[in-house]
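Remarks on the structure that follows.
Number of protein chains: 2
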Amino acid sequence: MNLPKAVDQLVGELSKLPGVGRRSAERLALHLAVGPSERLQSLADALHAVRQSVSACELCGALREGDACGFCSDPSRDASTIVVVERSLDVIAMEKSAGFRGLYHVLGGLLSPLRGVAPSMLRLAELGERLADEEVRELVLATPPTVEGDATSLYISRQFSREGLAMTRLGRGVPQGGSLEHADAGTLRMALQGRQRVEP
Amino acid sequence: MNLPKAVDQLVGELSKLPGVGRRSAERLALHLAVGPSERLQSLADALHAVRQSVSACELCGALREGDACGFCSDPSRDASTIVVVERSLDVIAMEKSAGFRGLYHVLGGLLSPLRGVAPSMLRLAELGERLADEEVRELVLATPPTVEGDATSLYISRQFSREGLAMTRLGRGVPQGGSLEHADAGTLRMALQGRQRVEP
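One line per chain: the protein sequences are A and B, in this order. Heads up: the first sequence begins at 6 in the working numbering, then just goes up one per residue. Heads up: the second sequence begins at 6 in the working numbering, then just goes up one per residue.
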């Protein structure tokens, strides 16, 4: 194959990204290689800026720019409620829902005996320290609704249970805009168990 | 949204890539932002290397590294046959087929009165110059099998016809591994017209 070595290397780097296969990586690399060189430069600059300025907050584990975490250092956010999530991506999803004004705690994974993920490999010690503060009154366990997610939540609720701290989890049921016909049996069972009174 | 500005900018750059929507760009940017910083660096380096060393060959329009085109400067390739393609990506597809050892000519687009693409906007003058060389004896018109592709090939065959230059196009028919049941009527018609004698 007479693909320039530099393009081939770019294909290799791009195909390491999640959800990008060899074919897509080739298409992307070619698009970048044949386009104006400013296109390459602005993507490289953006990567550089992230490398320079973005890191995980030592306290909550969410992404922060510079030294101050946009969540932990924001006095308008309610420090009495912490939402526990698996990944930084989940923080973004929660923020998009615009339904929460408290703080976050990113675990960095889920407990999994099968895949060898033990409690010490998650940010659980940090969570314990934050919960020692009496000001925190609710912990929302927002791990994904899977076996591993539920196991992780159960572990946390047992480990960190204390007087004056409410443990909750996200509601489960039929998704907004979805149809009953397409909901699976487990989801419908959850939706029935979690049924709510309609105020007339 | 409390997404760090640098990550937001990276999302913007990534979502400019073909086939990468806002959601995928977010996933990719987060993956890069939360991962080890070497990951960011190696992708940025690969982009930089492409910017530094890769350009389009002035003669054939294919991508080349440094000053010498891997096709035009390769004496083992058959200079009597030129395959005309729309894009650099098509050169890669042809090379993968490993069925061709001649030279290429990348047009950089297809004629399209509807989208306002006139002959002067393609690399046709360059093609004319190359065909003036009597050594070139076959021009394979490998534009895509679409209305615009066929119109472009027809234009080229009329414009550059000369004594001693054979104009051919790629064979059309049922794709290798495909089933007749799933072939569309136009493809089957082409396959019938292009039927070939079986040597017993």
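Beta carbons: idealized from backbone N, C-alpha and C, even for Gly.
Item: Which of helix, strand or coil DSSP assigns to residue 203/B; Value: coil
Item: Neighbouring residues, chain A, relative to residue 11/B (Cβ below 8 angstroms); Value: 51, 54, 55, 57, 58, 59 and 70
Item: Partner residues on chain B for residue 23/A, Cβ-Cβ distance less than 8 angstroms; Value: 32, 33 and 36
Item: Cβ shell of residue 106/B (< 7 angstroms), same chain only, five flanking positions each side left out; Value: 82 and 83
Item: Of the residues 77/B, 160/B and 52/B, the one placed nearest residue 130/B, counting alpha carbons only; Value: 160/B
Item: Selection from 63/B, 189/B, 148/B and 137/B that minimises the alpha carbon distance to residue 168/B; Value: 137/B
Item: Enclosing alpha helix (DSSP H) for residue 110/A [first to last residue]; Value: Run containing residue 110/A: none in the alpha helix (DSSP H); it sits in the beta strand (DSSP E), 107-111.
Item: Chain A within 8 angstroms of residue 39/B, Cβ atoms only; Value: yes
Item: In DSSP terms, what residue 96/A is bridged to; Value: Bridge partners of residue 96/A: none, in fact.
Item: Residue 64/B in three-state terms, based on DSSP; Value: coil
Item: Residue ranges of each beta strand (DSSP E) within the stretch 125-156 of chain A, 3 or longer; Value: 143-146
Item: DSSP state of residue 188/B mapped onto helix, strand, coil; Value: coil
Item: DSSP bridge partner residues for residue 85/A (one or two, in chain order); Value: None, per the DSSP bridge assignment.
Item: 8 angstroms CB neighbourhood of residue 90/B in its chain, flanking five on each side removed; Value: 96, 99, 109, 110, 111, 112, 147 and 148
Item: Complete alpha helix (DSSP H) runs within the stretch 25-72 of chain A (minimum length 4 residues, chain order); Value: 27-39 and 42-58
Item: Within chain B, the residues that residue 46/A reaches when beta carbons sit closer than 7 angstroms; Value: 56
Item: Buried or exposed by the 16-neighbour rule on C-beta atoms within 10 Å, applied to residue 142/B; Value: exposed
Item: Nearest neighbour of residue 30/A, chosen from 121/B, 22/B, 150/B and 35/B [CA to CA]; Value: 22/B
Item: Residue 201/B at chain A interface by Cβ criterion, 8 angstroms; Value: no
Item: Short CB-CB distance (under 8 angstroms) between residue 181/B and chain A; Value: no
Item: Contact check, residue 94/A vs residue 120/B, beta carbons under 8 angstroms; Value: no
Item: Of the listed residues 49/A, 42/A, 59/A and 51/A, nearest to residue 40/B (C-alpha basis); Value: 59/A
Item: Straight-line gap, residue 183/B to residue 118/B (C-alpha atoms, nearest Å); Value: 34 angstroms
Item: Nearest candidate by alpha-carbon position, reference residue 197/B, set 179/B, 204/B and 187/B; Value: 179/B
Item: Chain-ordered neighbours of residue 94/B on chain A, where CB pairs are closer than 9 angstroms; Value: 31, 32, 35, 36 and 39
Item: CA nearest to the CA of residue 175/A, picked from 145/A, 201/A and 156/A; Value: 145/A
Item: Assumed close pair residue 52/A, residue 48/B - CB separation to whole angstroms, cut-off 8 angstroms; Value: 6 angstroms
Item: Counterpart residues of residue 12/A in DSSP-defined beta bridges; Value: The partner list for residue 12/A (beta bridge, DSSP) is empty, contrary to what the question assumes.
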